[in-house]
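Asks:
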Amino acid sequence: MQYYQGGQGQIAGPGIGKAQQCAGYIPRSDKIANQECEAVNFLARNPQIRPQFNITKNDPMVLGAKNARNNAESFFQSIGINGGTGSSTQCTTKTETTPAQYTTETCSSLREVGTQQCTMGRTVNIDTDANFQCDQTVNAYENLSCDDSTLACTVTGVQLQCASTSTLCASWASSCCWINVTCNAGGSATVQHGDCCGYSYTKVVSNVSQFLSGVTYNPAGAKITCTNTGSCSMTFENYYCSNPSVSIGHYDNVNSFNMSTSPVFSCTEGGGCEALDARTR
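Its first residue numbered 1, the sequence shown is counted upward by one per residue in the working numbering.
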C-alpha cells in the first residue's frame, strides 16, 4: 500500500487527515465510502474501544528485534541478501542499565457542600396605648312612626261551611243506591256512595272548598259541585255492574242541597307601615 513504504511509512498524518475528512461527512450514494467514514468516525469518537497493548522487554517482537540486531549478517543471508557492506563486527551491543520509567499520578479535588439557611419575616410592633375611634359617622338614627290600625281589605273568594246530607242517588232510584256527605273536624268531609251492584265507594275531601270545582264520588264520574253561593247539586252516572268505570247514562241535577259560605278577605295595612317595614328588612 502507499502508506506502507517498506515498513518505513508514517501513518499518523494520513490517519489524522482521514478523521478530519470524515468528521463532517454526509452520506451519499456510494455505500463503500459511507461505510469507510462510518468506521473512521466510530473509532475516532470512541477512543475507549481501541485495542490497548502493554509491550514489555520480553515481548516476542522486542526479542526478535534484538536477535536480528545481534545476528544481522546471518539474518540477511537467511532471507537471501548477500554481499552487504560491513560485517557483524561493526555491530555493538548496548546494554540498558536503567529501563524507562513510567509514572502515573492522580489527584482529587473535593468540594464541600453545606446547607445555608436564613429567616425572613415581618416584625409587628403593637402599641397597647393606641386609641381607635371613627372620625366619620356613616349611619345616623331617625325616629319614625306609623299606624297599622287602618286596614284596606277586599273579598278574594269564599269558604264553604260543610253541611252533612244523606239522599238517594236520584229521586227515582232504588233504595240500594245512596249518597252520604259527612262533615269532619278541621273543615274536611267524607263522601260515601253505595250502588245496587253491591259496591260501595268512600272519598275523603281534605277541604270542603274542593266542592267548588267538583268532587267525583263514583268510578263512572258522577260529581257533587257547589257554587260560590253555597248551592250544591249532584250528577249521576249509570253503569253496568260488570264495568262500573264506563257510564251508560248521564243525569244532571238529580239531587241538591246547600252549604253556608263565608267570605275570604285579603287585607293590606293602610297606616304607612309597609314602607317602614321595607326599610328595616
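Glycine is no exception: its CB is placed at the ideal position from the N, C-alpha and C atoms.
State whether the stretch 168 to 185 contacts the stretch 250 to 260, with contact taken as three or more CB pairs (one from each stretch) at a distance under 8 Å.
Replies: In short, these stretches touch, since the Cβ pair count reaches three.
Asks: Here's the rule: buried if 16 or more other CB atoms are within 10 angstroms of the residue's CB, otherwise exposed. What is Asn218?
Replies: When all chains shown are included, Asn218 counts as buried.
Asks: Do the CB positions of Tyr239 and Ala220 come within less than 9 Å of each other?
Replies: In this structure, Ala220 lies closer than 9 Å to Tyr239 by Cβ.
Asks: Taking all protein chains shown into account, do 16 or more other C-beta atoms lie within 10 angstroms of the C-beta of Ile179, making it buried, or fewer, making it exposed?
Replies: So Ile179 ends up on the buried side.
Asks: Specify the secondary structure class of Pro263 as computed by DSSP and reduced to three states.
Replies: The answer is strand: DSSP assigns Pro263 an E or B state.
Asks: Compute the Euclidean distance between the alpha carbons of Pro27 and Thr104, then round it to the nearest angstrom.
Replies: Using only the alpha carbons, I get a separation of about 42 Å.
Asks: If Val204 sits next to Cys162, beta carbons under 8 Å apart, how far is it from one beta carbon to the other, in whole angstroms?
Replies: Contact doesn't hold; Cβ gap of about 12 Å is too wide.
Asks: Lys57 to Ala65, Cα distance in whole Å?
Replies: Between Lys57 and Ala65, the C-alpha separation is close to 11 Å.
Asks: Leaving aside the five residues before and after Ala189 along the sequence, list all residues of the same chain whose C-beta is less than 7 Å from its C-beta, in chain order.
Replies: Once the five neighbours on either side are set aside, the close Cβ partners of Ala189 are Cys162, Val181, Thr182, Cys183, Val205 and Val208.
Asks: From Gln10, Cys176 and Gln159, pick the residue whose C-alpha is nearest to that of Thr167; which is it?
Replies: Of Gln10, Cys176 and Gln159, the residue nearest in Cα terms is Cys176.
Asks: Thinking C-beta only, is Asp195 closer than 9 Å to Cys241?
Replies: A contact, by the Cβ cut-off of 9 Å.
Asks: So what's Lys31 in DSSP terms, helix, strand or just coil?
Replies: Here Lys31 sits in helix by DSSP.
Asks: Rounded to a whole number of angstroms, what is the C-alpha to C-alpha distance between Val264 and His250?
Replies: Whole-angstrom Cα-Cα distance: 34 Å.
Asks: Take the Cβ of Met61 as the centre, count every other Cβ of all protein chains shown within 10 Å, and call the residue buried at 16 or more, exposed below.
Replies: Exposed: under 16 other Cβ atoms inside 10 Å.
Asks: Roughly how many whole angstroms lie between the Cα atoms of Gln10 and Arg69?
Replies: Roughly 22 Å separates the two Cα atoms.
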